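Residue 50 in our numbering is what sits at position 22 of the sequence shown, and the numbering runs on without skipping anything.
Think of the CB as a built atom: it goes at the ideal place given N, C-alpha and C, for glycine as much as any other residue.
Source: prediction; values computed, not measured.
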Amino acid sequence: AVLSIFTQMLGAKTVVEIGTGAGISGLWLLDGMRDDGVLTTIDTEPEHQRAAKEAFRSGGIAPSRTRLINGWALDVLPRLADDTYDLVFIDASPVDQLHFVQESVRLLRPGGVLVLHNALLGGRVPDSTQRDATTVAVRAAARAIAEDERLTTVLLPLGDGLICASRS
29 AVLSIFTQML GAKTVVEIGT GAGISGLWLL DGMRDDGVLT TIDTEPEHQR
79 AAKEAFRSGG IAPSRTRLIN GWALDVLPRL ADDTYDLVFI DASPVDQLHF
129 VQESVRLLRP GGVLVLHNAL LGGRVPDSTQ RDATTVAVRA AARAIAEDER
179 LTTVLLPLGD GLICASRS
């Protein structure tokens, strides 16, 4: 529900989701978006895209409100326009989060919001003894967000953690 609240508060018309999954997050994002809003959702797995398409159809979402892109986000994101998106939601490979963050900030319009899912990794991120590649990668993404002077950031300890950052 928090994703719906974010898109509703922003009056979001343009949203990017990195990691489509089964479409559940996409449904929440669309729920709060303007009626003329479009969700661009990116995933490498065709079966995820099929499941999401069915979830959107079952949820009564018009096909014109979604743009499902099958591809590697690091290949797709550079082709999206700078400074035009109201919200970018990152819910994909934690190992690549730093790269996703770097591309996502560029996409956000001033006042746009970046949301990073799995920011706590079940408590591993704040535990300095955890040094596996995934945990180190999420820490690097969180640090990049916190150190970016264009962003005002907060960590929400919901579920597995959400880092939310507003672009100035």
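- Its chain contains 148 as the residues whose beta carbon lies nearer than 8 Å to that of residue 185, once the 5 sequence neighbours on both sides are disregarded; these appear in chain order.
- At least 8 Å separates the beta-carbon of residue 118 from that of residue 141.
- The three-state reading of DSSP puts residue 153 in coil, since its state is none of H, G, I, E or B.
- Under the three-state reduction of DSSP output, residue 88 falls in the coil class, being neither helix nor strand.
- Around the beta carbon of residue 61, 16 or more other beta carbons lie within 10 angstroms, which makes this residue buried.
- Here the C-alpha atom of residue 39 lies approximately 18 Å from the C-alpha atom of residue 92.
- In the structure shown, residue 136 adopts extended strand secondary structure according to DSSP, grouped into three states.
- Ranking 115, 48, 65, 58 by CA distance to the CA of residue 74 puts 48 first.
- Leaving aside the five residues that flank residue 152 on each side, the residues in its chain whose CB is nearer than 6 Å to its CB run, in chain order, 158, 163.
- Look at the beta carbons and you see the stretch 120-135 touching the stretch 175-195: at least three pairs across the two are nearer than 8 Å.
- Of 107, 165, 85, 183, the smallest CA-CA separation from residue 44 is found for 107.
- Classified as buried, residue 122 has 16 or more neighbouring CB atoms from the shown chains inside 10 Å of its CB.
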